[in-house]
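Accompanying notes for the structure given below.
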Amino acid sequence: MVTLNFVVLIPFLAAMLNPLFYKKGTRLHIGLLPMIVAVSLFSYLLFYIPQIANGKTFLHTISWIPSYGINFTTYLDGLSLILALLITGIGTLVILYSIYYLSENEQLGHFYTYLMLFMGAMLGVVLSDNMMVLYVFWELTSISSFLLIAFWYQRKRSREGAQKSLLITVSGGFGMLIGFLMIYTMTGTLSVREVIQIMPEMTGHGLFVPAMLLVLFGAFTKSAQFPFHIWLPDAMEAPTPVSAYLHSATMVKAGIYLVARFTPIFGGEGIWFWIVTGVGLFTLFWGSFQAVRQTDLKALLAFSTISQLGMIMSMFGMGSVALHFGYSTESVFYSQATFAALFHLVNHSTFKGALFMAVGIVDHEVGTRDIRRLGGLATIMPITFTVSLIGSFSMAGLPPFNGFLSKEMFFQAAVDITELGIFHMDTIGNLIPIVAWVASIFTFVYSMIIVFQTFLGPYKEERLERPANEGPGGMLISPVILAGLVVLIFLMPNMLGNYIIRPAVESVFPTLVTEMNLGVEISAWHGLNTALWMTIGVVVLGILLYSFPRAWRWIYAIFPIGWSLNTLYNFTLEQSVKSSRKFTNSYMTGLLRHYLMYIYLFFILLVAGAFVLTGSYDFTISGNAEISIFEWIIALTLIIAAISILFAKSRLTAILLNSVLGYGVALLFVIFRAPDLALTQMVIETVTTVLFLVAYYFLPEWKKENEPRRINLSKLLISIGFGASFTAVALAVQNNRLFDRISTYFENSYELAGGRNIVNTILSDFRGFDTMLEVVVLLIAGIGVYSIIKLKAGNRGDKFENQ
Amino acid sequence: METLMIILTGVLVTIATYLVLSKSVIRVILGTAVYSHATHLLIITMGGLKKGNVPILGDDDVSTFVDPLPQALILTSIVISFAVTALVLVLAYRAYQTLGTDNMEELRGRKYE
Amino acid sequence: MKINNVILRTVTKLAVFIILTLAVYLFFAGHNSPGGGFIAGLALSAAFVLLLLVTDIETIKKGIPLDFKKVAAFGAFLAVGTGFGAFVFDVPFLTQSFGNFVVPFFGEIELSTVTIFEAGVSFAVVGVVITIILSISEDV
Numbered sequence: 001m002v003t004l005n006f007v008v009l010i011p012f013l014a015a016m017l018n019p020l021f022y023k024k025g026t027r028l029h030i031g032l033l034p035m036i037v038a039v040s041l042f043s044y045l046l047f048y049i050p051q052i053a054n055g056k057t058f059l060h061t062i063s064w065i066p067s068y069g070i071n072f073t074t075y076l077d078g079l080s081l082i083l084a085l086l087i088t089g090i091g092t093l094v095i096l097y098s099i100y101y102l103s104e105n106e107q108l109g110h111f112y113t114y115l116m117l118f119m120g121a122m123l124g125v126v127l128s129d130n131m132m133v134l135y136v137f138w139e140l141t142s143i144s145s146f147l148l149i150a151f152w153y154q155r156k157r158s159r160e161g162a163q164k165s166l167l168i169t170v171s172g173g174f175g176m177l178i179g180f181l182m183i184y185t186m187t188g189t190l191s192v193r194e195v196i197q198i199m200p201e202m203t204g205h206g207l208f209v210p211a212m213l214l215v216l217f218g219a220f221t222k223s224a225q226f227p228f229h230i231w232l233p234d235a236m237e238a239p240t241p242v243s244a245y246l247h248s249a250t251m252v253k254a255g256i257y258l259v260a261r262f263t264p265i266f267g268g269e270g271i272w273f274w275i276v277t278g279v280g281l282f283t284l285f286w287g288s289f290q291a292v293r294q295t296d297l298k299a300l301l302a303f304s305t306i307s308q309l310g311m312i313m314s315m316f317g318m319g320s321v322a323l324h325f326g327y328s329t330e331s332v333f334y335s336q337a338t339f340a341a342l343f344h345l346v347n348h349s350t351f352k353g354a355l356f357m358a359v360g361i362v363d364h365e366v367g368t369r370d371i372r373r374l375g376g377l378a379t380i381m382p383i384t385f386t387v388s389l390i391g392s393f394s395m396a397g398l399p400p401f402n403g404f405l406s407k408e409m410f411f412q413a414a415v416d417i418t419e420l421g422i423f424h425m426d427t428i429g430n431l432i433p434i435v436a437w438v439a440s441i442f443t444f445v446y447s448m449i450i451v452f453q454t455f456l457g458p459y460k461e462e463r464l465e466r467p468a469n470e471g472p473g474g475m476l477i478s479p480v481i482l483a484g485l486v487v488l489i490f491l492m493p494n495m496l497g498n499y500i501i502r503p504a505v506e507s508v509f510p511t512l513v514t515e516m517n518l519g520v521e522i523s524a525w526h527g528l529n530t531a532l533w534m535t536i537g538v539v540v541l542g543i544l545l546y547s548f549p550r551a552w553r554w555i556y557a558i559f560p561i562g563w564s565l566n567t568l569y570n571f572t573l574e575q576s577v578k579s580s581r582k583f584t585n586s587y588m589t590g591l592l593r594h595y596l597m598y599i600y601l602f603f604i605l606l607v608a609g610a611f612v613l614t615g616s617y618d619f620t621i622s623g624n625a626e627i628s629i630f631e632w633i634i635a636l637t638l639i640i641a642a643i644s645i646l647f648a649k650s651r652l653t654a655i656l657l658n659s660v661l662g663y664g665v666a667l668l669f670v671i672f673r674a675p676d677l678a679l680t681q682m683v684i685e686t687v688t689t690v691l692f693l694v695a696y697y698f699l700p701e702w703k704k705e706n707e708p709r710r711i712n713l714s715k716l717l718i719s720i721g722f723g724a725s726f727t728a729v730a731l732a733v734q735n736n737r738l739f740d741r742i743s744t745y746f747e748n749s750y751e752l753a754g755g756r757n758i759v760n761t762i763l764s765d766f767r768g769f770d771t772m773l774e775v776v777v778l779l780i781a782g783i784g785v786y787s788i789i790k791l792k793a794g795n796r797g798d799k800f801e802n803q
Numbered sequence: 001m002e003t004l005m006i007i008l009t010g011v012l013v014t015i016a017t018y019l020v021l022s023k024s025v026i027r028v029i030l031g032t033a034v035y036s037h038a039t040h041l042l043i044i045t046m047g048g049l050k051k052g053n054v055p056i057l058g059d060d061d062v063s064t065f066v067d068p069l070p071q072a073l074i075l076t077s078i079v080i081s082f083a084v085t086a087l088v089l090v091l092a093y094r095a096y097q098t099l100g101t102d103n104m105e106e107l108r109g110r111k112y113e
Numbered sequence: 001m002k003i004n005n006v007i008l009r010t011v012t013k014l015a016v017f018i019i020l021t022l023a024v025y026l027f028f029a030g031h032n033s034p035g036g037g038f039i040a041g042l043a044l045s046a047a048f049v050l051l052l053l054v055t056d057i058e059t060i061k062k063g064i065p066l067d068f069k070k071v072a073a074f075g076a077f078l079a080v081g082t083g084f085g086a087f088v089f090d091v092p093f094l095t096q097s098f099g100n101f102v103v104p105f106f107g108e109i110e111l112s113t114v115t116i117f118e119a120g121v122s123f124a125v126v127g128v129v130i131t132i133i134l135s136i137s138e139d140v
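Residue numbers (full-length UniProt numbering), protein chains in the order written: chain D, 1 to 803; chain Z, 1 to 113; chain G, 1 to 140.
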């Protein structure tokens with residue numbers, strides 16, 4: 001299906017066309033085009049659901065760099081479909097929301113261009129089968145995220161947040177790229193599907209573990225897993241629609257997607273299980289623990305996103321165990337964790353999206369997000385309140401919302417995994433349900449904080465920027481739809497489960513599909529089992545903790561403020577800037593001569609050193625052509641002319657001596673059977689001389705260089721050293737021919753290009769591309785000369801510097 | 001002949017290096033011009049000298065030609081080096097006009113003063 | 001730059017025509033004997049430079065009412081354009097073709113798309129060289 005490749009390309013096209021649309025000055029809102037794009041892509045993807053649910057997959061390739069095996073291959077299966085639907089679906093709602101959220105005075109053109117860029121990149125990540133292409137799109141999402149976080153680039157915090165997210169996610173991306181290259185070395189293919197086929201035989205390979213770790217590094221930085229999570233709270237400086245879209249619903253899920261995609265490659269190994277589960281669980285705990293202490297609503301949501309991402313991640317870790325067992329009842333048992341992970345992935349996007357949008361509305365209406373200043377908004381903003389209530393309760397894992405279902409499944413999986421007899425589970429495995437449970441208590445607490453501290457309690461208008469009002473209707477549409485979905489999924493979970501999630505699970509376990517049904521029947525009531533008791537415990541303890549914050553808040557004082565990861569990040573950044581500046585300043589003196597001396601000295605050391613070490617002197621004159629007296633004379637003239645330039649008393653002499661050199665070279669070209677060159681050199685030399693003479697008119701007088709003896713001596717030594725090594729290399733090369741010349745090919749020029757002059761046919765036919773670019777370079781030089789002379793900047797430069 | 005040519009290019013390179021390391025801009029530019037002469041001579045020498053006929057196919061049965069590839073390379077290089085020389089020359093001239101000096105040390109910029 | 005030198009002026013008038021003829025010859029000779037787009041362009045510009053040295057800029061501008069910047073741009077466009085022209089015939093970028101045709105009175109002659117490419121090169125060279133020299137000398 002070529003159309004699938006277009007699904008990726010269309011957003012990019014829209015990003016390109018956006019400026020045109022914007023310029024036209026129509027009365028239509030600029031967000032309309034992106035929204036139409038997102039809606040149509042979403043509805044187009046919907047048509048794939050029935051076929052994908054039947055186990056079909058779609059693959060299409062457009063050759064890009066076939067010689068390196070890099071092709072723009074799109075592959076649509078259950079897993080990519082689920083993500084693609086989220087990207088386009090949530091994207092539509094976010095764009096609709098942003099139309100009302102951002103004022104007309106903002107740079108909307110930039111905003112929607114970046115957003116479309118992101119949408120295309122993200123679709124590229126989830127639909128690409130080729131790892132190199134996936135990597136390119138992966139970095140593009142980082143870049144568009146950077147641009148969107150820095151959307152309000154006038155603010156220092158926005159810029160810092162953007163820089164932080166870029167540094168962390170891109171370094172993760174680099175790690176991932178190296179991991180991909182390692183996989184390529186192992187398997188010889190860049191296609192993920194082919195790697196899945198080959199990899200099971202490679203588990204003993206020396207690169208297997210490093211490649212796994214590097215891929216996980218990329219996934220963890222992107223999905224804000226501990227200890228790389230620090231960029232996500234700072235990324236909240238972005239406009240709220242961006243936070244809702246990139247930093248909770250889609251981009252941060254790219255890492256999770258990657259883990260899911262690579263589960264069939266690396267899964268089933270103990271290391272994979274422990275790293276993914278362990279990091280996920282710790283992130284779950286740490287995120288929820290930190291979220292409770294936040295006072296900024298968006299920061300709170302950021303930490304809660306980190307925590308929820310950790311939860312999904314850990315479920316993928318638990319589910320990967322199924323691959324260890326092959327076809328057996330146990331593998332079905334454990335694959336349920338993966339099912340739960342994908343289910344929660346969807347649920348999280350719905351309720352967290354709704355929550356972000358609700359917080360955005362509050363921020364938009366009253367001008368603050370500080371929960372210490374908010375309160376009592378429930379009666380003034382009833383719809384926003386309802387949406388937040390639904391979102392928070394779903395996040396806390398309460399019925400009748402979808403979060404309850406996936407949370408129960410998560411507990412179930414955490415309990416089940418303790419029965420696993422392998423990977424040292426018997427010793428520390430029991431920690432898994434305990435950590436999960438404790439983290440869920442904190443999750444419950446912060447969910448309550450969002451609802452009750454914002455919307456209940458006393459209304460303090462004097463502490464707000466503006467008196468509160470319900471948000472505009474258009475802004476409410478998207479959160480209401482998402483909140484509706486939260487309830488709807490609770491009521492009919494199996495529709496989602498059967499048509500969308502089951503195929504996705506199947507693509508995570510491609511080897512198990514043929515043997516068994518990986519679907520799970522989701523039910524709201526599943527008897528009074530351990531999972532339900534855990535939920536009840538969470539609610540009871542959560543209410544207690546929420547009601548008596550004073551009794552336990554001292555825990556946070558245990559960790560000194562100066563010891564955070566942020567401090568480490570800032571310290572490292574500051575030090576690296578400082579030390580690199582110091583280092584650079586130590587040798588960047590601003591004097592051309594010094595730079596050249598570095599180059600020459602390096603060259604002399606390298607070449608002369610290599611010469612001495614390898615002993616590759618080979619100076620024979622046996623194969624040389626004979627020299628006539630005439631040629632001796634020319635050569636001697638040239639040498640004398642060249643040396644005289646150094647001692648020239650006036651500019652004119654120097655310029656003329658240079659011309660003597662040029663004409664001498666032209667004569668030599670004649671002798672060396674190169675008529676074209678001789679002609680060109682002759683004319684060029686004339687024109688150059690004229691050029692020098694014309695410029696000479698304006699240039700300063702030729703002054704004798706009065707320099708200290710020491711400098712003159714060092715100049716002389718470097719020149720002689722350089723000239724000597726140059727000569728030595730040239731002589732050695734001349735006497736050792738390792739390859740046949742390739743020019744025999746060109747000697748068929750008459751048959752190949754219809755010309756008898758071989759040099760000319762090389763220029764215009766065989767290497768026409770070089771000549772064409774040369775003409776362009778010439779033109780650029782001409783434009784450069786013209787503009788340097790004609791355009792005088794005046795004082796503009798000073799003005800900018802003084803700002 | 002080849003050895004002689006290489007020694008000649010070596011001398012040219014030495015002189016060009018010395019010029020490029022000078023203080024005044026015009027000497028530096030002259031140095032680059034000398035460099036390009038040296039490079040052209042080197043390239044054509046590497047193709048072998050006087051080992052065949054002019055690389056133009058005639059009706060007669062001459063079958064050995066000197067290597068045409070270095071010639072094509074040099075032809076490109078000649079024109080480009082002219083363009084670059086012109087550009088640098090004009091740059092120096094403008095710098096002199098605006099700043100009143102052609103001394104590299106004085107052209108270092110404010111940071112180092 | 002006004003030099004009152006009668007001999008130079010007279011010789012120049014002759015020489016310029018010889019050089020111009022040579023340039024045209026070089027251009028067409030290019031494919032089969034020494035010559036070609038670059039050399040022709042350079043010879044052409046040498047002729048103009050010579051004129052420039054002898055007479056003054058105003059005279060030249062009156063005599064040759066061409067904007068050499070545009071000539072350069074046109075040349076580059078032509079050179080790049082022939083490359084893209086190859087796409088129309090569904091062959092790789094910059095593919096050139098040639099053929100022999102029989103024309104009355106001239107006998108068999110060879111025509112090649114390279115000539116267009118070479119013309120672009122020549123125009124670009126002339127345009128750029130003259131632009132460089134003119135803009136420097138004008139800036140007094």
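All residues carry an ideal CB built from backbone N, CA and C; glycine is no exception. What you are looking at is a predicted structure, and each value in this text was computed from that prediction instead of being measured.
Three or more C-beta pairs closer than 8 Å, one from the region 219-228 of chain D and one from the region 181-192 of chain D: is that the case here? no
Compare the C-beta of residue 804 of chain D with all C-beta atoms of chain Z and state if any pair is closer than 7 Å. Since the first and last residues shown for chain D are 1 and 803, residue 804 of chain D lies out of range.
So the candidates are D:245, D:286, D:370 and D:310; which of them puts its Cα closest to the Cα of residue 297 of chain D? D:370
Helix, strand or coil for residue 364 of chain D per DSSP? helix
Could you check the C-alpha separation between residue 141 of chain D and residue 165 of chain D for me, to the nearest Å? 11 Å
With DSSP as the reference, identify every bridge partner of residue 59 of chain D, one or two as the case may be. D:75
Can you give the Cα-Cα distance for residue 686 of chain D and residue 71 of chain Z, rounded to whole angstroms? 20 Å
Chain G contacts made by the region 70-88 of chain Z, where a contact means CB separation under 9 Å: 75, 76, 78, 79, 82, 83, 86 and 87
Do residue 413 of chain D and residue 475 of chain D have their beta-carbon atoms positioned less than 7 Å apart in this structure? no
In the DSSP output, which residue or residues are listed as bridge partners for residue 370 of chain D? D:296
Given 8 Å as the limit, is there contact between the region 329-348 of chain D and the region 488-503 of chain D, that is, 3 or more CB pairs closer than that? yes
Between which two residues does the alpha helix (DSSP H) containing residue 502 of chain D stretch? 502-508
Along chain Z, in chain order, which residues have C-beta atoms closer than 9 Å to that of residue 38 of chain G? 75, 76, 78 and 79
With a cut-off of 7 Å, does the C-beta of residue 346 of chain D fall near any C-beta of chain Z? no
Below 9 Å on C-beta distance, what does residue 119 of chain G contact in chain D? In chain order: nothing, as chain D lies at least about 11 Å away.
Does the region 465-479 of chain D touch the region 348-361 of chain D, meaning 3 or more C-beta pairs lie closer than 8 Å? yes
Backbone CA spacing between residue 75 of chain Z and residue 66 of chain Z [nearest angstrom]: 15 Å
Can you list, in chain order, the residues of the region 760-780 of chain D whose Cβ is nearer than 8 Å to any Cβ on chain A? The question asks about chain A, but that chain is absent: this structure's protein chains are D, Z and G.
Name the chain G residues whose beta carbon is nearer than 8 Å to that of residue 786 of chain D? 69, 131, 132 and 135
Is the region 203-215 of chain D in contact with the region 260-270 of chain D, if contact means three or more CB pairs nearer than 8 Å? yes
Please name the residue in D:437, D:521, D:469 and D:591 whose C-alpha comes closest to that of residue 531 of chain D. D:437
Residues sharing a beta bridge with residue 24 of chain Z, DSSP: Z:103
Check the Cβ of residue 72 of chain G against every Cβ in chain D and list those closer than 7 Å, keeping chain order. 779 and 782
Residues in the region 661-676 of chain D with C-beta within 8 Å of chain G's C-beta atoms, listed in sequence order? 675 and 676
Could you list which residues in chain D have their beta carbon closer than 8 Å to that of residue 15 of chain G, in chain order? Simply none; closest approach about 12 Å.
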